[in-house]
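This report refers to the structure that appears directly beneath it.
Protein chains: 2
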Amino acid sequence: MSKSSKNWFLAKGDSIDLKDIDPGYTGDYHSKEDTESEKAELTEIFEKLQPKLFASGKKSVLFVFQGMDCSGKDGVINKVFSISNPAGIHIHSFKAPTTEERNHDYLWRAHQHVAGYGYISAFNRSYYEDVLITRVHGQIDDPTAKQRFKQINHFEKMLEENGVRVVKIFLHISKEFQLKKLIDRVEKPHKNWKFDKGDLQERKYWDDYQKCYEDVFKHCASDDHPWHIIPADNRWYRDLAVLQIVVRTLQEMDLSYPDPIPELQEHLPDMYAELEKLKKK
Amino acid sequence: MSKSSKNWFLAKGDSIDLKDIDPGYTGDYHSKEDTESEKAELTEIFEKLQPKLFASGKKSVLFVFQGMDCSGKDGVINKVFSISNPAGIHIHSFKAPTTEERNHDYLWRAHQHVAGYGYISAFNRSYYEDVLITRVHGQIDDPTAKQRFKQINHFEKMLEENGVRVVKIFLHISKEFQLKKLIDRVEKPHKNWKFDKGDLQERKYWDDYQKCYEDVFKHCASDDHPWHIIPADNRWYRDLAVLQIVVRTLQEMDLSYPDPIPELQEHLPDMYAELEKLKKK
Chain C
1 MSKSSKNWFL AKGDSIDLKD IDPGYTGDYH SKEDTESEKA ELTEIFEKLQ
51 PKLFASGKKS VLFVFQGMDC SGKDGVINKV FSISNPAGIH IHSFKAPTTE
101 ERNHDYLWRA HQHVAGYGYI SAFNRSYYED VLITRVHGQI DDPTAKQRFK
151 QINHFEKMLE ENGVRVVKIF LHISKEFQLK KLIDRVEKPH KNWKFDKGDL
201 QERKYWDDYQ KCYEDVFKHC ASDDHPWHII PADNRWYRDL AVLQIVVRTL
251 QEMDLSYPDP IPELQEHLPD MYAELEKLKK K
Chain Z
1001 MSKSSKNWFL AKGDSIDLKD IDPGYTGDYH SKEDTESEKA ELTEIFEKLQ
1051 PKLFASGKKS VLFVFQGMDC SGKDGVINKV FSISNPAGIH IHSFKAPTTE
1101 ERNHDYLWRA HQHVAGYGYI SAFNRSYYED VLITRVHGQI DDPTAKQRFK
1151 QINHFEKMLE ENGVRVVKIF LHISKEFQLK KLIDRVEKPH KNWKFDKGDL
1201 QERKYWDDYQ KCYEDVFKHC ASDDHPWHII PADNRWYRDL AVLQIVVRTL
1251 QEMDLSYPDP IPELQEHLPD MYAELEKLKK K
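Chains as they are written, first to last, in our numbering: chain C, 1 to 281; chain Z, 1001 to 1281.
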């Protein structure tokens, strides 16, 4: 049974102040246990829909995950998509562009990682970094950012018109939550490898990042490819909320198996005759 | 507790007659239930090893799956790798080459799909098709096949020397098993889309394929990158046998987390001071 929780679903032109959304929000859910039965139901639905997406081979879906460092992008992608057939999903983590990638327009590398029809793609970071980190650090100016918003909208619309559903998810955490995660990486020796001094540096630009995100939400959301803001200080709520979105997306795609092909039946007599022969051997 | 089952593990120069291996073999295991506790144990070991492979970021592993149509390559890849973190695995199904791929040497496209360090790759079919289907249909002659065996050995050795473990798995089914699967695809309307008339055609070359496979095993196996022949008429046995190989491979790679970095501790006082401030807000 689904309990109620608020959805921060941003469509065209919606403005939002991230300060107004509590990263610790969990709706009517009070604990991980509260979410288990619904997760199990959603998992079952997902397991029925993914093979249909694959079999029909005519549509695909791209889930874009964004969020501050430590917001749990890796974690939620692992949790949610580990229920999928791994052969039907392409997950790509965008890092700093390589020399070759830098030698192209910023959408070039992203486009290459959009999976083919029948598949699910998940982007861990994305082309949105090109209006976030680049903007925060003054590598692009405001007119360029505005221009890119339009380009991104056109890119997503083109995908949509060609059978690729684009769904964007922002994992919203508090500054305190991030700091605790970073402390954890320093304090636990086996997690030291995850710690990047650069994260402490980026953290100083927290407010700038939040502003740039708000601008992204305002300019790059539409009814067709909205942004979802997920309060993510509680992993169990984050996992449920993302799973809800993933399953709802597939449900709305109206997927079905290809039509039966009655003509195939004509092969059966020969096949059964051969089977008899093989059995006698 | 692991029961005993025979391993068809082919190293350098080993000859084998596939007719000598019963595709219905299940060793000391008599049912799916017989395999459950071992599968659970292996899953647990896998779940501990994959993050180490990823964290160390210095090695990778490539599992190559080959087998006749209907041998269950899709199925076993789904079953075995659905226990993995989906962000750490790249699965690629090789189809008939595209125009661009055909315009390159046959190893070109395969090489591109070998995942980076830290990742697991699984190939559903592979460059071995270029000494199988091409040979069965006379697109390449015997001297070319022999030449390709050497090229493949050099390719796999190069990968091995550069940190990519290559493990090759052949799913061995009976002619009867394949026919039953094909009948099933014809009889069940929702499976019709999976049926390819070409499969009935290819089936006529069964013996030729088996011979070509035997030649591959004889020429393209070494102690470092052996072939494993898995009796695959019973799915539950096939899944267990492949999981055993996957886990053993990771165990033999001697994986560990990167060393702790004690110097990081110096960041802690400032981090805790900031945390106190945030809590007071």
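Yeah, the Cβ is synthetic: ideal placement off N, Cα and C, and Gly gets one too.
Quickly, what does DSSP pair residue i with across the bridge? List them, please.
i	result
alanine 122 of chain C	C:Phe63 and C:Ile91
isoleucine 1169 of chain Z	Z:Phe1065 and Z:His1228
valine 1164 of chain Z	Z:Ser1060
tryptophan 8 of chain C	C:Ile229
So, residue i versus residue j, is the Cβ gap smaller than 9 Å?
i	j	result
valine 1242 of chain Z	valine 1061 of chain Z	no
isoleucine 261 of chain C	tryptophan 1008 of chain Z	no
alanine 87 of chain C	asparagine 1124 of chain Z	yes
glutamine 50 of chain C	isoleucine 120 of chain C	yes
histidine 225 of chain C	isoleucine 245 of chain C	no
proline 1231 of chain Z	tyrosine 1025 of chain Z	yes
glycine 118 of chain C	phenylalanine 54 of chain C	yes
methionine 1253 of chain Z	lysine 1059 of chain Z	yes
histidine 1104 of chain Z	phenylalanine 1155 of chain Z	no
alanine 122 of chain C	phenylalanine 63 of chain C	yes
alanine 149 of chain C	cysteine 220 of chain C	The question names alanine, but residue 149 of chain C is phenylalanine in the sequence shown. It is a contact, given that the beta carbons lie within the stated cut-off.
In whole angstroms, what separates the C-alpha of residue i from that of residue j?
i	j	result
serine 1071 of chain Z	isoleucine 1173 of chain Z	6 Å
histidine 1090 of chain Z	isoleucine 91 of chain C	8 Å
tryptophan 1236 of chain Z	leucine 1171 of chain Z	13 Å
glutamine 251 of chain C	aspartate 22 of chain C	29 Å
serine 1015 of chain Z	isoleucine 1183 of chain Z	33 Å
leucine 1264 of chain Z	lysine 1277 of chain Z	21 Å
lysine 3 of chain C	proline 1269 of chain Z	42 Å
aspartate 1034 of chain Z	threonine 1043 of chain Z	15 Å
valine 1114 of chain Z	lysine 1073 of chain Z	18 Å
leucine 1179 of chain Z	valine 164 of chain C	37 Å
glutamate 1101 of chain Z	phenylalanine 1177 of chain Z	33 Å
isoleucine 1083 of chain Z	valine 1247 of chain Z	11 Å
glutamate 1266 of chain Z	aspartate 69 of chain C	21 Å
methionine 1 of chain C	threonine 249 of chain C	Note on methionine 1 of chain C: pLDDT 47, under 50, position unreliable in the model; no value is reported.
tyrosine 209 of chain C	asparagine 78 of chain C	25 Å
glycine 1116 of chain Z	methionine 271 of chain C	44 Å
lysine 1052 of chain Z	serine 93 of chain C	18 Å
glutamate 202 of chain C	asparagine 162 of chain C	37 Å
lysine 6 of chain C	glycine 27 of chain C	6 Å
aspartate 17 of chain C	aspartate 207 of chain C	11 Å
alanine 1273 of chain Z	leucine 255 of chain C	53 Å
lysine 1146 of chain Z	alanine 145 of chain C	57 Å
histidine 1275 of chain Z	lysine 175 of chain C	According to the sequence provided, residue 1275 of chain Z is leucine. The question's histidine does not apply to it. When rounded, the distance between both Cα atoms is 9 Å.
aspartate 1142 of chain Z	lysine 279 of chain C	34 Å
lysine 32 of chain C	lysine 1039 of chain Z	27 Å
phenylalanine 1036 of chain Z	glycine 138 of chain C	Residue identity differs from the one stated: residue 1036 of chain Z is glutamate in this sequence, not phenylalanine. Each residue's Cα considered, the two are about 56 Å apart.
lysine 19 of chain C	glycine 13 of chain C	18 Å
lysine 281 of chain C	lysine 1157 of chain Z	42 Å
isoleucine 1140 of chain Z	leucine 1200 of chain Z	22 Å
lysine 1181 of chain Z	lysine 1191 of chain Z	10 Å
threonine 1098 of chain Z	tyrosine 257 of chain C	26 Å
glutamate 187 of chain C	arginine 1109 of chain Z	44 Å
Taking residue i as the reference, which of the options has the closest Cα?
i	options	result
serine 222 of chain C	C:Val114, C:Asp20 and C:Val166	C:Val166
valine 76 of chain C	C:Arg238, C:Val216 and C:Leu268	C:Arg238
aspartate 1196 of chain Z	Z:Tyr1205, Z:Arg1185 and Z:Lys1204	Z:Arg1185
tyrosine 1029 of chain Z	Z:Asn1234, Z:Ser1256 and Z:Lys1279	Z:Asn1234
glutamate 41 of chain C	C:Leu275, C:Lys157 and C:Leu240	C:Leu240
glutamine 1151 of chain Z	Z:Val1136, Z:Lys1168, Z:Tyr1127 and Z:Glu1161	Z:Tyr1127
aspartate 259 of chain C	C:Ser56, C:Arg148 and C:Ala11	C:Ser56
alanine 1096 of chain Z	Z:Ser1031, Z:Glu1160, Z:Gly1198 and Z:Lys1019	Z:Gly1198
lysine 204 of chain C	C:Thr98, C:Asp17, C:Lys281 and C:Val136	C:Val136
leucine 1159 of chain Z	Z:Asp1017, Z:Gly1027 and Z:Leu1107	Z:Leu1107
lysine 168 of chain C	C:Asn153, C:Leu255 and C:Asp207	C:Asn153
For the ligand ATP, I want to know if residue i counts as a neighbour, meaning its beta carbon is within less than 8 Å of at least one of the ligand's heavy atoms.
i	result
phenylalanine 1149 of chain Z	By its list of ligands, the structure shown contains no ligand whatsoever, and the ligand ATP lies outside what it can speak to.
Within 8 Å, do at least three Cβ pairs link the segment 127 to 139 of chain C to the segment 208 to 216 of chain C? yes
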